[in-house]
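See structure below.
In our numbering, the protein residues as written are 12 to 174.
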């Protein structure tokens with residue numbers, strides 16, 4: 012699932028890099044026998060400030076509540092296996108954090124195993140791994156950590172590689 016760029020950024024670039032990366036990854040997975048599809052169902056709910064000059068906490072505040080799953084997109088997400096979020100650049104993880112929040116909201120009621128929104132990304136959570144949810148987080152349900160992979164590629168790996 013590609014994390015959406017601002018419509019203005021897509022127009023300026025002439026393409027959506029996260030969507031291109033997601034399509035390429037899904038195609039490669041299918042070629043190797045792993046079923047995969049790209050669901051571009053995340054939408055920006057409101058404009059956000061340019062993040063280039065913002066620190067980590069400012070980026071989180073800037074993006075808070077900015078993404079949502081498009082109407083009808085939630086039913087595509089339920090029961091369909093794991094979801095992999097794809098972004099073209101990761102600096103602080105704020106965009107991925109907001110995308111995961113939007114997915115949790117869309118999957119509310121589904122047996123999706125993710126960190127509750129109150130959890131941080133501190134060393135303790137990474138060391139401890141999956142944990143039992145507390146009484147205010149859904150009872151005795153094991154919540155699995157959201158995991159991420161960062162893949163680097165040289166600029167010549169893509170036909171269009173400049174902003």
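Ideal Cβ placement from N, Cα and C applies to all residues, glycine included.
What you are looking at is a predicted structure, and each value in this text was computed from that prediction instead of being measured.
Worksheet item: When burial is assigned at 16 or more other CB atoms within 10 Å of the CB, is residue 46 buried or exposed?
Response: exposed
Worksheet item: Which ranges would you report for the beta strand (DSSP E) in the segment 44-79 if only whole runs of at least 3 residues count?
Response: Taking only runs of at least 3 residues, the beta strand (DSSP E) segments lying wholly in the segment 44-79 are 53-55.
Worksheet item: Is it buried or exposed for residue 141, if we count other Cβ within 10 angstroms and need 16 for buried?
Response: Only weak support is given to the placement of residue 141: the predicted model assigns it a pLDDT of 43, under 50, and the value that follows is read from those uncertain coordinates. Exposed is the label assigned to residue 141, since fewer than 16 other Cβ atoms lie within 10 Å of its Cβ.
Discussion item. Which residue marks the beginning of the alpha helix (DSSP H) containing residue 85, and which one marks its end?
Written reply: 84-88
Practice prompt. Let me know the secondary structure DSSP gives residue 22 once reduced to three states.
Written response: In the three-state reduction of the DSSP assignment, residue 22 falls in the helix class, which pools H, G and I.
Worksheet item: Span of the alpha helix (DSSP H) holding residue 116?
Response: 105-117
Worksheet item: Cβ of residue 29 within 8 Å of Cβ of residue 70?
Response: no
Discussion item. Going by C-alpha to C-alpha distance, which of 109, 74, 52 sits closest to residue 86?
Written reply: 52
Item to complete: Specify, as a first and last residue, the run of the alpha helix (DSSP H) that residue 28 falls within.
Response: Segment 28-42, the alpha helix (DSSP H) holding residue 28.
Discussion item. Whole angstroms are fine: how far does the CA of residue 113 sit from the CA of residue 57?
Written reply: Approximately 13 Å, taken between the alpha carbons.
Practice prompt. Give the DSSP-derived three-state secondary structure of residue 93 in the structure shown.
Written response: coil
Practice prompt. Whole angstroms is fine: what's the gap from residue 64's alpha carbon to residue 26's?
Written response: 23 Å
Practice prompt. With a 10 Å radius around its C-beta and 16 neighbouring C-beta atoms as the bar for buried, classify residue 109 as buried or exposed.
Written response: buried
Worksheet item: Are there 16 or more other CB atoms within 10 angstroms of the CB of residue 75, so buried, or fewer, so exposed?
Response: exposed
Worksheet item: Between residue 33 and residue 97, is the Cβ-Cβ spacing less than 8 Å?
Response: Yes, they are a contact pair.
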